[in-house]
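Trainee: Numbering (the numbering used here), first residue to last: 9 to 207.
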Ligand code: ADP
Ligand code: MG
Ligand code: MG
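1. Please indicate yes or no: does the CB of residue 41 lie closer than 7 Å to some heavy atom of ligand 1?
2. How do the segment 167-180 and the segment 124-138 stand: do at least 3 beta-carbon pairs fall below 8 Å, yes or no?
3. Could you compute how far the alpha carbon of residue 29 sits from the alpha carbon of residue 47?
4. Whose C-beta lies closer than 8 Å to the C-beta of residue 57 among residues of the same chain, with five residues either side of it excluded?
5. Assign residue 178 to one of two classes, buried (16 or more other C-beta atoms within 10 Å of its C-beta) or exposed (fewer than that).
6. Using the C-alpha atoms, what's the distance from residue 154 back to residue 118?
7. Here's the rule: buried if 16 or more other CB atoms are within 10 angstroms of the residue's CB, otherwise exposed. What is residue 151?
8. Locate the alpha helix (DSSP H) running through residue 47, then write down its first and last residues.
9. Between residue 173 and ligand 1, is there a pair consisting of the residue's CB and a ligand heavy atom that are separated by less than 7 Å?
10. Tell me whether residue 190 counts as near ligand 3, meaning its Cβ is closer than 7 Å to at least one heavy atom of that ligand.
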């Protein structure tokens, strides 16, 4: 079973990974965006880490709802409300249980990803974070390592796609040939889930 500590480790592992990869995320956002994705994610997850230390929420749902709220209030870019919705919705779906199963997490994350698609209007294949998140959720039934691999593959597979949502879509055909920054950070988020389980 997964407790609040597990979800805190997930968020702190994401913050650490975003710190390590911030330059790469911003570099990916340079040819098909406005070169701020690494900075946006770093600002957001630094705030998440601080809020979790200060408030110490004691259920899985409360950890994710707090994290989502902090992302929405600290990240100005498109990714803030989208990641914020992902975590808030996932947290709400987990309810107030002290521990949840991997199956419950998979179901809740599905609700979170649905929330992202409703808010942003993106479907799989539109070259967004959805292209890493949907395969990850689909693979979660086979375990966290499978979800991690699926998210990474999904992120890499955005390279040949034409962007249909977000800033990259303004470039039309010129968006082809570049990996989507948001799909890349989503793969980091899912990798951190596997890292949180590996302690
Ligand atoms: P901004 O584009 O406002 O500068 P970021 O650079 O932080 O925000 O985030 C860009 C990422 O957000 C994109 O790479 C993409 O994955 C994701 N994104 C943008 N718009 C959408 C959308 N409508 N639906 C899903 N994801 C989106
Ligand atoms: Mg950007
Ligand atoms: Mg921006």
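We put the CB at the ideal spot given by N, CA and C, even for glycine.
Mentor: Taking the coordinates as given:
1. Translated into positions along the chain shown, residue 41 becomes position 33. Residue 41 Cβ: within cutoff of ligand 1.
2. Contact between the segment 167-180 and the segment 124-138 is present, because at least three Cβ pairs lie under 8 Å.
3. In the chain shown, counting from the first residue as 1, residue 29 sits at position 21. In the chain shown, counting from the first residue as 1, residue 47 sits at position 39. Rounded to the nearest angstrom, the two C-alpha atoms are 10 Å apart.
4. The residue given as residue 57 occupies position 49 in the chain shown. Only 19, 20 and 23 meet the Cβ criterion.
5. What you label residue 178 is simply residue 170 of the chain shown in a count that begins at 1. That one is exposed.
6. Reading the chain shown from its first residue, position 110 is the one you call residue 118. Reading the chain shown from its first residue, position 146 is the one you call residue 154. For residue 118 and residue 154, the distance between alpha carbons rounds to 16 Å.
7. Here residue 151 corresponds to residue number 143 of the chain shown, with the count starting at 1. Here residue 151 is exposed, its C-beta having fewer than 16 other C-beta atoms within 10 Å.
8. The residue labelled residue 47 in the question sits at position 39 within the chain shown. According to the DSSP assignment, residue 47 belongs to the alpha helix (DSSP H) that extends over 45-63.
9. Counted from its first residue, the chain shown places residue 173 at position 165. Under cutoff, so the answer is yes.
10. Along the chain shown, one-based indexing puts residue 190 at 182. Relative to the non-hydrogen atoms of ligand 3, the Cβ of residue 190 never comes closer than 7 Å to any of them.
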